[in-house]
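Student:
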Amino acid sequence: MKYSAWHGFCLCGQERQFPPEARPVDVPFSPLVFLVTRDPRTARGWFTISHPAELYEPEGLAALTPCDGEIPRDFPRELVGLVEAHGACVLNTAFARAFPWLLHQKTVRREGFKITLVGLGDVGGTVLTGLKLLGRELREIAIFDPNAALCARYEMELNQILPETAGGTTPRVTICPEADLFHCDLLAFTASRGVPGLDSGVQDVRMAQFEANRAMIAPYARRAREEGFLGVFCQISDPVDNLAREVFLQSNQTQTGDYDFAGLLPEQVQGFGLGVMAARAAYYAEKEGVDFSQGGAYGPHGQGLVIANHKGNGYDEALSQRLTRLTREANLRVRDLGFKPYIAPGLSSAAVSLLQLLRGEEHYGAVPLGGVYFGCRSRYTPQGLAIQREPINQGLMARLAQTHRALWEFDTP
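Heads up: the sequence shown begins at 60 in this note's numbering, then just goes up one per residue.
#1: Enumerate in chain order the residues of its own chain whose CB-to-CB distance from residue 181 is below 7 Å, with the five nearest sequence positions on each side excluded.
#2: What would DSSP say about residue 448, mapped onto helix, strand or coil?
#3: Excluding five sequence neighbours on each side, which residues of the same chain lie with their C-beta closer than 8 Å to the C-beta of residue 191?
#4: Give me, in chain order, the residues of the same chain whose beta-carbon lies closer than 6 Å to that of residue 442; leave out the 5 immediate sequence neighbours on both sides.
#5: Using the Cα positions of residue 226 and residue 350, report the straight-line distance between them to the nearest angstrom.
#6: Could you tell me which whole beta strand (DSSP E) segments of length 3 or greater appear in the stretch 382 to 466?
#7: In terms of residues, what are the limits of the beta strand (DSSP E) holding residue 53?
#8: Given that a residue counts as buried once 16 or more other Cβ atoms are within 10 Å of its Cβ, and exposed if not, what is residue 352?
#9: At what residues does the alpha helix (DSSP H) containing residue 210 begin and finish?
#10: Can you tell which of 329, 375, 142 and 119 has the C-alpha that lies nearest to the C-alpha of residue 412?
#11: Considering only their Cβ atoms, is the gap separating residue 417 from residue 185 smaller than 8 Å?
#12: Tell me whether the stretch 280 to 290 and the stretch 319 to 334 touch, counting them as touching only if at least three CB pairs, one residue from each stretch, are closer than 8 Å.
#13: Please tell me whether residue 178 and residue 204 are closer than 8 Å, where the distance is taken between their beta carbons.
#14: Under the three-state reduction of DSSP, which class applies to residue 357: helix, strand or coil?
#15: Using C-beta distances below 7 Å, list every residue in its chain close to residue 293, excluding the 5 sequence neighbours before and after it, in chain order.
#16: Please list the terminal residues of the continuous beta strand (DSSP E) segment that includes residue 151.
#17: Return the residue from the list 223, 174, 60 and 104 that minimises the CA-CA distance to residue 132.
#18: Going by beta-carbon coordinates alone, are residue 423 and residue 303 separated by less than 8 Å?
#19: For residue 175, does the count of other Cβ atoms within 10 angstroms reach 16, so buried, or fall short, so exposed?
#20: Assuming the contact rule is C-beta atoms closer than 8 Å, residue 105 and residue 444 should be a hit. Round their C-beta distance to whole Å, please.
#21: With a threshold of 16 other CB atoms inside 10 Å of the CB of residue 462, please say whether the residue is buried or exposed.
#22: Excluding the five sequence neighbours on either side, which residues of its own chain have a C-beta within less than 7 Å of the C-beta of residue 112, listed in chain order?
#23: If you draw a straight line from the C-alpha of residue 286 to the C-alpha of residue 241, how long is it?
#24: Thinking C-beta only, is residue 383 closer than 8 Å to residue 396?
#25: Restricting to runs no shorter than 3 residues, where is the beta strand (DSSP E) found entirely within the stretch 84 to 161?
Below, the structure written as structure tokens:
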């Protein structure tokens, strides 16, 4: 393993992986960046590690649990202490934009963000209202929708909301020209087509939307590629997990449909649908008299969802399956009343979770794991995406593996 200095980073890898302007150094230093070249269809692009063994663990669900692997005998001893003391970043050079993305991390602000919100339907309007009221980190929310009158209405009304404290501020809402969609730190995509009606009888509305929404989102994914977007593409319309994967794949294709992986890194795309499922699970757990303080939500927003009453030794399979069913069908209970269930999703899955992402806090979202976008808790750090690691009951892990496999088999390219 060779060391090289590049823009204040210590790159660790093979000489062929280093950028041309990197200069060799004899002694490693922090921040460390381990360079790997792994299959871009299934491997992560940018993530953090706290122990050297995490560098060698297989891609997939292993990232959800504490790493119990060993490091190779020839792993440089001087790196062990650095990683354990300061952590490190892993960067996959199979992605053409790996180094521009890494360099961009040095300039990321911790406040004053700009969000572009695409789509002002029921969900989009709810997300916008939540961001306006809660978004103390935001300087601007740019809105875009084909309905110009709807944009004008929201620009007018949202900018007439008073701040909650005297002398306080709220983010400015502006109408975004289509040419400026990706001039932002985060693009939140809520636009959707083909939502089945209340009387349609469709049990899983989200999957019925996939084909229509995949066609809608493709031009935005390609445009993110063309404009060299270095922000985060947040997929909110359903089915969140499958469409997040579509954004990643579409952005990494040439005009002829060949994959060159010169588009978005996997971690530049995240799906937002699991937050409301965690909130619904907590709601039903309270009604059932179940302690959910150590519970959790995993997997997709819809069929395949996994709710656990407890993630560790207190895991109860039957109880968890019941909570899963109640949570998964919660939207149907709202539809039974004659309403579309968009308020809780717009606030819990999107507005609150997006702001937690920007704050660097743990939040529920679908992130790249073994070639799919899998719902769990994670946070962005200066050294890469950090997935929450914790002991997981074997029975629960078996359910997660089944869900992961189903996501992989869904429309695998």
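Cβ atoms here follow ideal geometry from the backbone N, Cα and C, with glycine treated the same way. Values in this document were obtained by computation on a predicted structure and should not be read as measured data.
Tutor: Let me lay it out:
#1: On the sequence shown, position 122 is the one that residue 181 refers to. Same-chain partners within the cutoff: 399 and 401.
#2: Taking the first residue of the sequence shown as position 1, residue 448 is located at position 389. The answer is coil: DSSP assigns residue 448 none of H, G, I, E or B.
#3: Locating residue 191 in the sequence shown gives position 132, counting from the first residue. Cβ neighbours of residue 191 beyond the five flanking positions: 200, 217, 220, 229, 230 and 232.
#4: On the sequence shown, position 383 is the one that residue 442 refers to. Once the five neighbours on either side are set aside, the close Cβ partners of residue 442 are 107, 146 and 148.
#5: The sequence position of residue 226 within the sequence shown is 167, counting from 1. The sequence position of residue 350 within the sequence shown is 291, counting from 1. Cα to Cα, the separation comes out at about 41 Å.
#6: 422 to 428, 431 to 440 and 443 to 446
#7: Since the first residue shown for the chain is 60 and the last is 472, residue 53 is missing from the structure and cannot be characterised.
#8: Here residue 352 refers to the residue found at position 293 of the sequence shown. Looking at its Cβ environment, which holds fewer than 16 other Cβ atoms inside 10 Å, residue 352 is exposed.
#9: As a working note, residue 210 is residue 151 in the sequence shown. Counting along the chain, the alpha helix (DSSP H) containing residue 210 begins and ends at 207 to 217.
#10: On the sequence shown, position 353 is the one that residue 412 refers to. Comparing Cα-Cα distances from residue 412 to each of 329, 375, 142 and 119, the minimum goes to 329.
#11: In the sequence shown, residue 185 corresponds to position 126, counting from 1. In the sequence shown, residue 417 corresponds to position 358, counting from 1. For residue 185 and residue 417, no; Cβs fall outside 8 Å.
#12: yes
#13: Here residue 178 corresponds to residue number 119 of the sequence shown, with the count starting at 1. Here residue 204 corresponds to residue number 145 of the sequence shown, with the count starting at 1. For residue 178 and residue 204, yes; Cβs fall inside 8 Å.
#14: Translated into the one-based positions of the sequence shown, residue 357 becomes position 298. Looking at residue 357 - three-state DSSP - the assignment turns out to be strand.
#15: One-based indexing of the sequence shown puts residue 293 at position 234. Contacts found: 245, 246, 247, 248, 329, 331 and 413.
#16: Within the sequence shown, residue 151 is the residue found at index 92, counting from 1. Unbroken beta strand (DSSP E) run through residue 151: 147 to 151.
#17: As a working note, residue 132 is residue 73 in the sequence shown. It is 60 whose Cα lies nearest to the Cα of residue 132.
#18: As a working mapping, residue 423 is identified with position 364 in the sequence shown. As a working mapping, residue 303 is identified with position 244 in the sequence shown. Not closer than 8 Å, so no.
#19: By one-based count along the sequence shown, residue 175 stands at place 116. Residue 175 should be labelled buried.
#20: For the purposes of this step, residue 105 is taken as the residue at position 46 of the sequence shown. For the purposes of this step, residue 444 is taken as the residue at position 385 of the sequence shown. Confirmed, about 6 Å.
#21: Reading the sequence shown from its first residue, position 403 is the one you call residue 462. So residue 462 ends up on the buried side.
#22: Taking the sequence shown and counting its residues from 1, one reaches residue 112 at position 53. Cβ neighbours of residue 112 beyond the five flanking positions: 126, 128, 129 and 130.
#23: On the sequence shown, position 227 is the one that residue 286 refers to. On the sequence shown, position 182 is the one that residue 241 refers to. Approximately 8 Å between the Cα atoms of the pair.
#24: Along the sequence shown, one-based indexing puts residue 396 at 337. Along the sequence shown, one-based indexing puts residue 383 at 324. For residue 396 and residue 383, no; Cβs fall outside 8 Å.
#25: 91 to 95, 105 to 108 and 147 to 151
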